[in-house]
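A.B. asks:
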Amino acid sequence: MAEMHRLRIRVNGEDYELYVRPKTLLVEVIRDHLGLTGTKRGCNSGACGACTVILNGMAVKSCSVLALQADGAEVLTVEGLAKGSELHPLQKAFLDHGAYQCGFCTSGMLMSAKALLDENPSPTKEEIKEGIHGNLCRCTGYNSIVRAIAAVAEGKYEEAER
Ligand code: FES
Ligand code: FES
166 MAEMHRLRIR VNGEDYELYV RPKTLLVEVI RDHLGLTGTK RGCNSGACGA
216 CTVILNGMAV KSCSVLALQA DGAEVLTVEG LAKGSELHPL QKAFLDHGAY
266 QCGFCTSGML MSAKALLDEN PSPTKEEIKE GIHGNLCRCT GYNSIVRAIA
316 AVAEGKYEEA ER
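If you read the sequence shown in the numbering used here, its first letter stands for residue 166, the second for the next number, and so on.
1. Consider the C-beta atom of R303 and the heavy atoms of ligand 1; say whether any pair is separated by less than 7 Å.
2. If you drop the 5 nearest sequence neighbours on each side, which residues of the same chain put their C-beta closer than 8 Å to that of Y206?
3. Can you find the residues in the same chain that come closer than 8 Å, C-beta to C-beta, to L275, ignoring five residues on each side of it along the sequence?
4. Checking 8 Å against the spacing of the C-beta atoms, do I314 and A278 come in under that value?
5. Helix, strand or coil, according to DSSP, for R196 in the structure here?
6. Should the region 287–302 be regarded as contacting the region 261–274, the criterion being three or more beta carbon pairs within less than 8 Å?
7. Whole-angstrom Cβ separation of G172 and A232, contact assumed at under 8 Å?
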C-alpha cells in the first residue's frame with residue numbers, strides 16, 4: 166500500500182490537514198475528502214474543464230493536479246464564491262442570462278471566469294472566449310456564457326459585502 170503523506174491545504178478560507186497517497190488528485194481531495202461536490206469530474210484527463218478550481222489565484226483543472234502539489238496552497242471552489250446567502254455576481258449573471266442547462270460545466274466555467282476577471286476586470290469578448298477556452302459546454306452554447314461574463318465585467322452586478 167502506498168505511503169500516506171500529510172497535506173495541508175486551505176479551501177474556501179478553511180484550513181485542512183489530511184493524509185493522501187502520492188497519486189491522489191486534487192479533485193479527489195476536494196470532492197471525496199472534503200465533500201465539496203460542486204466541483205465536477207468529467208473527462209478526468211484535463212480536456213473538459215468541469216473540475217476547474219482556483220489554485221493560488223490561477224484557474225487549474227483539478228483532475229490534472231496532484232493533491233500534494235497543492236500542499237500549502239489556497240484553493241477556491243465554486244462553494245466559496247457566494248457570500249453567505251448572497252450569490253457571487255458571476256452566479257447571478259449566469260442565472261439571469263440562462264448560461265447553463267444541465268449545469269455540469271457551470272462550476273468550472275464560473276471559476277475560469279472569476280480567475281479571468283480577477284486578472285483582467287475589463288476583458289474584451291475575445292478575451293472572455295480565450296479565458297473559458299478550456300471549459301467545454303455541450304448544452305448551452307457559449308454565447309449566453311460570454312454575455313453573462315461580459316455583463317459582470319461591465320459592472321452590471323454588484324458584489325455583496327461580507
Ligand atoms: S474532469 Fe478535469 S478537465 Fe475534465
Ligand atoms: S450546461 Fe450542460 S455542459 Fe454546460
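Where is the CB? At the ideal position from N, CA and C, for every residue including glycine. The structure displayed is predicted, hence computed values, not measured ones.
C.D. replies: On the basis of the supplied data:
1. no
2. It is worth fixing the name first, because residue 206 is Arg in this sequence and not Tyr. Taken in chain order, the residues that qualify are V192, R196, A215, C216, C228.
3. V243, L246, H253, L255, Q256, F259
4. yes
5. helix
6. yes
7. In the sequence as presented, Gly is not what sits at residue 172; that position holds Leu. Sure, about 6 Å apart at Cβ, within 8 Å.
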